[in-house]
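Q:
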Amino acid sequence: MQTFITNHSVTRPATDAESLTALSRAWQLGDGHFSTLHACGGQLLNWHYHLARLKDACTRLQMPMPDWQAVHAAALEMAALHNGAAIEPDGDQVLRITLVRGTGGRGYSMAGCGATTVVLNCAPFPAHYYQWRKQGIALGVCKGRLGHSPLLAGLKTVNRLEQVLLKAELDGHQWPEALVLDTHCKVIEAVTANLFWREGERIFTPDLSSAGVCGTMRAWCQDYLGPRLTVCSTDLERLLAADELWLTNALMGVVPVTAIGKHNMQCDFTTTKELQQAYEDTH
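Heads up, the sequence shown is in this note's numbering, so the first residue is 1 and it goes up one at a time.
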């Protein structure tokens, strides 16, 4: 994995003392946010949705906006490389853009903090996602619960400890993915993905105003589905009766769900296939 830090047009390895100091608020306070992109053939898929997410997070966290054109250029430069060498034209990579509040201030205070620091990471693409799209996956249900945090709900901040613990539970059961509920037993999302389901002609996705992450693929689906989609609160029993269920994130795309625990989903995945094709047609 490569890690670079960029400040406007300057990009350098994040190993020098200045860079590490700039990252201190991230590891001390979790004072940052990020977006994970699918880079393919040197291009950044769904870039406008990722940019919108990063801008929204900067606004909500009161973090100065970086030079977005410079960030985009640096991200494209990194996407064109793999371990220092040019990638194949159709090569897939994972590119993460992390924004951290600049150095300065004392303790929790934002006062005196400088310009936002941007960190770029590039890593291999999880190829099993392509198999998931074709065959679907069975979900577990985590016992761990997400707490309510209205100030941060929807954001993808660098503090992911809830997800670290949930992923440990998922790995312990050897589930490919699992549903996650909140402390009121309402379904919020999967450990690493957003959730949609269909009842007849109506399509739904959980309300994330108190917990969860608003993913870029979730945003794409909302725009594509338009008035066909309703955001609502739901319990697990309602999902078990759904006609169709699927997961989304920026890397996996649209993945059909074949079972929840011991309950098999009996459906033809018509909407999932529609979304998969529509998304592929945009690239």
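Note that CB positions come from ideal geometry on N, CA and C, so glycine has one too.
1. When the Cα of V254 is compared with those of R53, L165, A80 and Q131, which residue comes out closest?
2. Would you say the segment 225 to 240 touches the segment 100 to 120, given that touching needs at least three Cβ pairs under 8 Å?
3. Taking H48 as part of the beta strand (DSSP E), name the residues at either end of that continuous run.
4. In this structure, what does DSSP give as the bridge partners for G140?
5. Straight-line CA distance for G226 to E201?
6. Less than 6 Å between C-beta atoms, sequence neighbours within five positions excluded: which residues of the same chain meet that for L275?
7. In terms of residue numbering, what span does the alpha helix (DSSP H) encompassing D207 cover?
8. Give me the Cα-Cα distance between E303 and C267, rounded to the nearest whole angstrom.
9. On a CA-only basis, which of Q135, A39, S24 and Q222 is nearest P124? Give me that one, please.
10. Straight-line CA distance for F269 to R218?
11. On a Cα-Cα basis, can you pick out the residue from K262, W220 and L37 that is closest to P126?
12. Leaving aside the five residues before and after L51 along the sequence, list all residues of the same chain whose C-beta is less than 8 Å from its C-beta, in chain order.
13. Give the straight-line distance between the Cα atoms of N194 and A242, rounded to the nearest whole angstrom.
14. Using CA atoms only, rank isn't needed, just tell me which of T205, W197 and P206 is closest to T258.
15. Considering only residues of the segment 221 to 266, which uninterrupted beta strand (DSSP E) runs meet the minimum length of 3 residues and lie entirely inside it, listed in chain order?
16. According to DSSP, what are the bridge partners of I188?
17. At what residues does the beta strand (DSSP E) containing A39 begin and finish?
18. Which runs of the beta strand (DSSP E) fall wholly inside the segment 72 to 136 and span at least 3 residues, in chain order?
19. Leaving out the 5 sequence neighbours to the left and right, which residues in its chain are closer than 6 Å to H263 when beta-carbon positions are compared?
A: Answer, in terms of the structure:
1. Q131
2. no
3. Premise fails: H48 lies in the alpha helix (DSSP H), W47 to R60, not in any beta strand (DSSP E).
4. A178
5. 13 Å
6. V254
7. Unbroken run through D207: none, as it is neither H nor E.
8. Only positions 1 to 283 of the chain appear in the structure, and residue 303 is not among them; the question remains open.
9. A39
10. 18 Å
11. L37
12. W68 and H72
13. 16 Å
14. W197
15. 229 to 232, 244 to 249 and 253 to 260
16. I188 is not bridged to any residue.
17. G32 to C40
18. 92 to 100 and 117 to 124
19. L240
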